[in-house]
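Below is one structure; the comments refer to it alone.
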Amino acid sequence: MIMLRIPTRSYCSPSKLIKGVGLSPLKKSLLSKKIKEDIHPSLPVRTRFAPSPTGFLHLGSLRTALYNYLLARNTNGQFLLRLEDTDQKRLIEGAEENIYEILKWCNINYDETPIKQSERKLIYDKYVKILLSSGKAYRCFCSKERLNDLRHSAMELKPPSMASYDRCCAHLGEEEIKSKLAQGIPFTVRFKSPERYPTFTDLLHGQINLQPQVNFNDKRYDDLILVKSDKLPTYHLANVVDDHLMGITHVIRGEEWLPSTPKHIALYNAFGWACPKFIHIPLLTTVGDKKLSKRKGDMSISDLKRQGVLPEALINFCALFGWSPPRDLASKKHECFSMEELETIFNLNGLTKGNAKVDDKKLWFFNKHFLQKRILNPSTLRELVDDIMPSLESIYNTSTISREKVAKILLNCGGSLSRINDFHDEFYYFFEKPKYNDNDAVTKFLSKNESRHIAHLLKKLGQFQEGTDAQEVESMVETMYYENGFSRKVTYQAMRFALAGCHPGAKIAAMIDILGIKESNKRLSEGLQFLQREKK
């Protein structure tokens with residue numbers, strides 16, 4: 001389609017208003033700013049998420065669901081779910097269940113029982129009959145071969161025609177139609193499209209005029225199919241009928257659906273129905289501005305969930321794909337929002353037109369933020385421990401691992417985690433002996449000039465008494481390196497080597513507190529013995 005966008009937003013012209021008029025600098029400043037039209041609804045809306053279960057939910061579809069949900073919640077309206085499953089050949093097993101599961105996991109709750117288009121054939125048949133009887137639709141008995149020839153010939157025209165059908169069947173008489181029906185000849189039902197599609201207003205992009213390219217010397221028509229030869233409705237018919245019957249007031253969807261919108265509006269006009277408001281949001285792209293695809297960054301939500309992404313982080317991440325929070329909140333300090341906060345501050349005026357770049361680093365930033373919030377909340381901390389325990393029990397083939405120990409590790413050391421899946425890799429040394437024979441760690445540690453002090457230091461430190469708490473340990477360590485003239489850095493490196501094999505992360509006092517005095521003394525002693533052997 002050739003696309004012509006005609007802006008309709010009104011902006012004040014500061015040059016005309018200010019010229020020849022003695023205005024104060026403040027008033028000139030105010031007049032020089034564009035006055036943007038308020039597109040956010042003031043009344044409750046009804047929105048919907050209408051996925052097709054031909055694949056598992058991905059970032060783009062989740063963002064669409066989220067924006068429709070947030071608009072409904074922000075205006076005290078309703079958010080509905082509809083499954084567009086009329087294309088039976090493309091349905092994927094498990095995709096429908098995936099939609100329900102992911103929406104529930106993300107806390108995107110719909111207000112009414114979900115609608116399945118495959119169960120509404122009789123409803124669509126009723127409205128097709130209305131169009132047929134009014135002459136706004138007709139049966140097409142053309143064979144696949146003839147239709148393919150028409151498409152091929154349309155593309156060979158100069159200029160080529162994007163519309164290809166010649167309306168051969170639009171002129172069939174009643175007797176001809178009855179005869180073909182009696183013979184059982186397969187047919188589709190086509191919409192008799194207008195000569196020109198109506199111009200429409202998109203709340204985000206303004207007024208839009210989309211017309212198919214045609215060749216006026218060989219007239220073809222963009223008569224879209226409403227009912228397929230298998231008697232099931234196409235997306236176009238079912239979409240319009242359902243949005244009308246469901247009372248949908250606002251449709252938020254991706255820009256890729258812009259070319260379909262004039263066709264849908266023509267259908268609304270044919271039925272004599274009012275159209276919903278349309279908002280087409282920008283495409284999701286990679287950081288390099290390439291459209292997201294399965295090969296380029298658009299992972300399924302289930303994959304992200306398996307990788308340890310939290311729903312709160314994913315919602316925050318998706319919310320900022322083409323939307324900016326109010327200016328007073330738009331800073332790094334205030335870029336983390338809970339679902340409750342998003343429901344309050346989401347506003348259509350914050351939508352942006354440019355493509356939204358998807359940066360994984362931002363996702364893990366949000367994930368780390370919300371993981372820390374979960375760790376600090378007693379109830380969600382218990383849930384995190386529940387998630388961690390099965391993998392630890394599997395790795396160590398035991399059911400004796402202490403839940404309290406896992407919780408203690410999270411509370412004292414979890415600040416370094418970006419995802420819960422990394423728990424074992426980060427903190428394995430709390431559950432198994434340090435790997436003193438890790439060549440890199442040993443070489444790095446023993447290469448220090450102060451290594452001659454290490455044996456003496458570990459010997460002194462390996463004398464903690466049972467019952468010594470973490471703060472006392474830290475105080476003793478501080479005193480020791482001052483009294484012996486050791487550097488603070490080397491003192492802590494020595495302890496970290498003996499306790500965890502040089503593994504970075506947890507503070508020394510926290511490590512001793514979690515390991516316990518007995519295990520800490522044992523490790524300090526074993527670390528000392530290892531170093532003494534290495535020095536020989």
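Counting along the sequence shown from 1, when you hit position 309 you're at 309 in full-length UniProt numbering, and nothing is skipped either side. Just so it is clear, CB atoms sit at the ideal spot from N, CA and C, and this is done for glycine as well.
DSSP, read as helix, strand or coil, puts G184 in coil. Looking at the backbone, the Cα of G415 and that of L528 are separated by about 30 Å. Membership of C318 in any beta strand (DSSP E) is not indicated; the residue belongs instead to the alpha helix (DSSP H) covering 311–319. Taken through DSSP and simplified to helix, strand or coil, W273 comes out as coil. Between E393 and the set E432, L417, P44, the nearest pair of CA atoms involves E432. As summarised for the region 217–246, the continuous alpha helix (DSSP H) elements at least 4 residues long and confined to that stretch are 235–245, given in chain order. Membership of A137 in the beta strand (DSSP E) is indicated by the continuous run 137–140. Excluding residues up to 5 positions away in sequence, V241 lie with their Cβ nearer than 6 Å to the Cβ of Y127 in the same chain.
Going by C-alpha positions, D218 is about 20 Å away from R190.
Contact check between the region 227–241 and the region 81–88: three or more CB pairs, one atom from each, fall below 8 Å, which counts as touching.
Looking at the backbone, the Cα of S391 and that of T400 are separated by about 13 Å. Around the CB of Q465, fewer than 16 other CB atoms lie within 10 Å, so the residue is classed as exposed. Between I420 and L384, the gap from beta carbon to beta carbon is short of 8 Å. Out of E341, L132, R46, F49, the CA that lies nearest to the CA of P326 is found in E341. One thing to note: F370 has its Cβ no nearer than 8 Å to the Cβ of F317. Per the coordinates, the alpha-carbon of C413 lies some 7 Å from the alpha-carbon of G505. When DSSP reads this structure, Y165 sits in a beta bridge with Y221.
When secondary structure is reduced to three states using DSSP, L204 falls in the coil class, being assigned neither helix nor strand. Bounds of the beta strand (DSSP E) holding Q78 are 78–83. Between R139 and I177, the gap from beta carbon to beta carbon is short of 8 Å. Relative to the Cα of K180, the nearest Cα in the group C142, N215, E195, H280 belongs to C142. P198 places its beta carbon 8 Å or farther from that of I248. A straight-line Cα-Cα distance of about 14 Å links L43 and P276. Close CB contacts of L157 within its chain, under the 6 Å cut and outside five residues either way in sequence, are with N215, D218 (chain order). In terms of Cα proximity to I92, the closest of G55, I514, D359, I108 is G55.
Between the alpha carbons of T75 and A95 lies a distance of about 30 Å. Proximity to M495 across N484, E483, A509, D386 peaks at A509, based on C-alpha coordinates. Contact between C106 and I315 holds: their C-beta atoms lie close to 6 Å from each other, under 8 Å.
Exclusion of the five residues before and after M299 leaves H58, L59 as the residues of its chain whose Cβ lies within less than 8 Å of its Cβ. Here N68 has T47, R48, F49, F79, I252 as same chain residues with Cβ atoms under 7 Å from its own Cβ, once five neighbours each way along the sequence are excluded.
DSSP places G60 in the uninterrupted alpha helix (DSSP H) bounded by 59–74. For H369, the uninterrupted alpha helix (DSSP H) segment begins and ends at 360–376.
In this structure, the alpha-carbon of D513 lies about 37 Å from that of S302. For H40, no beta strand (DSSP E) encloses it, and the DSSP letter there is neither H nor E. Here the C-alpha atom of Y429 lies approximately 25 Å from the C-alpha atom of M480. The alpha-carbon of L210 is positioned some 30 Å away from that of V287.
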